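Protein chains in written order, with the working numbering: chain F, 18 to 310; chain Z, 170 to 498.
Note that CB positions come from ideal geometry on N, CA and C, so glycine has one too.
These numbers come from a predicted model, not from an experiment.
Let me begin by presenting the structure, written as structure tokens, before commenting on it.
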């Protein structure tokens, strides 16, 4: 086999694939954050905890109720989304008239509560979750595990479907209108508060879905969310929250860049996204796809 | 930030008020001078370190309207420098403190230059991300000792002559540092510079249109806050003889936000009260393990939902109401 800059192609493509999977999670999480921020003006710090709850939901459904991965893929996000909507109705709703920072602080507190509860119950070390799609395909230049291919494909489908619904359907046009002028949309007879609740539920459900997909790929652990959410915040700052497509492209792109860094300069792999964020802030403070507001 | 964020802006000190203030300050210092004879000095020193940290943070959140979610990098970064210079290079405490503060000021300048390019929520996310980058740097760098941190940092004599190895001796040095830091912050808030910061907090475009270079003011406030947070972090090393990853982790940044929020942001004494409450709580609940995290989260939610003004903010509000009622009758 040929070698590229002294790196065997198996390692290169293997890391690229891992990068794509990470990118899939970045894309789904930053997409959810962007949708929620658009309508609620809240940066949902609980997003990481809700991703973790999605993964734990899958683990619990399997171990306590015997429901396999494919059932959990549907059930777990719905349950987590319902919990999210209850939180929105009872706590978040009361902060909309205040400065945005209070929403951030409240959701940060909720994230601490959730992470603490799961850590107390299940410990800090991870729990294993069996791969529902064992085996793989040999593509000649690399070995492609079936489940990893499925994660990337599923995430792409979900992201593009979200983009289609928001940018190309009537429901999406209501949503975009309410993002711009909620008062006017309300005056046209659309129930904006209910729309806000459902939007929050949708964004949270997206995070939980990413969590279920992550369960077999990584381990299920209470700290999986808080580690990821900070990286996703950097992704959001890089991409800007102005566009849906921007969130998707930035998420996948940064995942791939991170994967490549692991091959060529492993020491920097945990910081490369933050470095890119600093560079983007110097050149284009509003973010790659953002508009200065 | 809107004015709704700061219902507890510090009241203007009138003639009678400032006399009462001086009396209160003298009484407080007197209590602090005798306190170590009644209370465990290490606990008091811990409270003062975190109180200084929270006051430095409040300078930014309460008086400039910038929520930094990455202040652990200044606190912990300075702690590492102080511990390293003391342990490996053999610096005396005052030089190690200076080195730590200088480091956090430079770090604050670099982080501030990047962070003030964004506002509001983005500012919080940028500072959080920068602090996480610094965390990974500390995890991998050789001089920080990785997971172990820098342990058993010696307490060398102050200025090479004054012995501070006894807790009770160290206490008075820490008290002096705390009072110095608190005084610097107090003077900053009540200076023309502080007034401009408040103007920027209330209405940035208006401050700019009046001719103030808001970004330069914000940057200076950021560097000052970072340097004082660094002073708190370095002092903590003298007390506990330890610098570790805990000091630079994002949980530490969250803790200082919580202290300021509970005590009352935008009040002079709020962060001190908040730090005392949270440190006391951590001490009593240390045996409960993971519940501490849950309880901190619950306090966050309660504080944001029910008493956004914090302890000191609520007291000031009640006091002002009573004064208004007296004036009316």
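Say whether chain Z places a C-beta atom closer than 9 angstroms to the C-beta of residue 302 of chain F. yes
Reducing DSSP to helix, strand and coil, say where residue 177 of chain Z ends up. Note that residue 177 of chain Z scores a pLDDT of 42, beneath 50, so its modelled location is shaky; the value from the coordinates is reported in the next line. Here residue 177 of chain Z sits in coil by DSSP.
Which value, in whole angstroms, describes the spacing of the CA atoms of residue 35 of chain F and residue 183 of chain F? 29 angstroms
Chain Z residues whose Cβ lies nearer than 9 angstroms to that of residue 284 of chain F: 309
Between residue 287 of chain F and chain Z, is any beta-carbon pair separated by less than 9 angstroms? yes
Do residue 272 of chain Z and residue 399 of chain Z have their C-beta atoms within less than 9 angstroms of each other? yes
Is residue 148 of chain F helix, strand or coil when you go by DSSP? coil
Counting pairs of Cβ atoms below 8 angstroms between the region 435 to 446 of chain Z and the region 314 to 334 of chain Z, do you hit three or more? no
Decide if the region 282 to 302 of chain Z is in contact with the region 272 to 279 of chain F; the criterion is three or more beta carbon pairs, one per stretch, under 8 angstroms apart. no
How is residue 346 of chain Z classed by DSSP in three states: helix, strand or coil? helix
Quick one: grab the DSSP three-state call for residue 391 of chain Z. helix
Closer than 9 angstroms to chain Z by CB, residue 64 of chain F: no
Out of F/39, F/24, F/56 and F/305, which one is the CA nearest neighbour of residue 219 of chain F? F/56
Contact between the region 264 to 275 of chain F and the region 86 to 99 of chain F is defined here as three or more beta-carbon pairs at a separation below 8 angstroms; is this criterion met? no
Among F/262, F/159, F/70 and F/186, which one has its Cα closest to the Cα of residue 29 of chain F? F/159
Compute the distance between the beta-carbons of residue 418 of chain Z and residue 246 of chain Z, then report whether it is under 9 angstroms. no
CB contact check: residue 291 of chain Z to chain F, cutoff 9 angstroms: yes
Among residues of its own chain, excluding the 5 on either side of residue 454 of chain Z, which ones have a beta-carbon nearer than 6 angstroms to its beta-carbon? 461
Buried or exposed: which applies to residue 72 of chain F, given that a residue is buried once 16 or more other Cβ atoms fall within 10 Å of its Cβ? buried
Return the chain-ordered ranges of every beta strand (DSSP E) run that is complete within the region 81 to 168 of chain F and spans a minimum of 3 residues. 153 to 155 and 160 to 162
Relative to the alpha-carbon of residue 91 of chain F, which residue among F/175, F/234, F/284 and F/302 has its alpha-carbon at the smallest distance? F/175
According to DSSP, is residue 412 of chain Z helix, strand or coil? strand
With residue 261 of chain Z as the anchor, note down where its alpha helix (DSSP H) starts and where it stops. Where residue 261 of chain Z is concerned, there is no enclosing alpha helix (DSSP H), given that its DSSP letter is neither H nor E.
Should residue 325 of chain Z be flagged as near chain F, meaning a C-beta pair shorter than 9 angstroms? no
For residue 114 of chain F versus residue 290 of chain Z, is the C-beta spacing smaller than 9 angstroms? no
May I have a chain-ordered list of the alpha helix (DSSP H) segments no shorter than 4 residues that lie completely inside the region 204 to 236 of chain F? 209 to 234
Start-to-end residues for the alpha helix (DSSP H) that takes in residue 306 of chain Z: 289 to 309
Buried or exposed, going by whether 16 or more other CB atoms sit within 10 Å of the CB of residue 356 of chain Z? exposed
Less than 9 angstroms between CB atoms is the rule here; does residue 42 of chain F satisfy it with respect to chain Z? no
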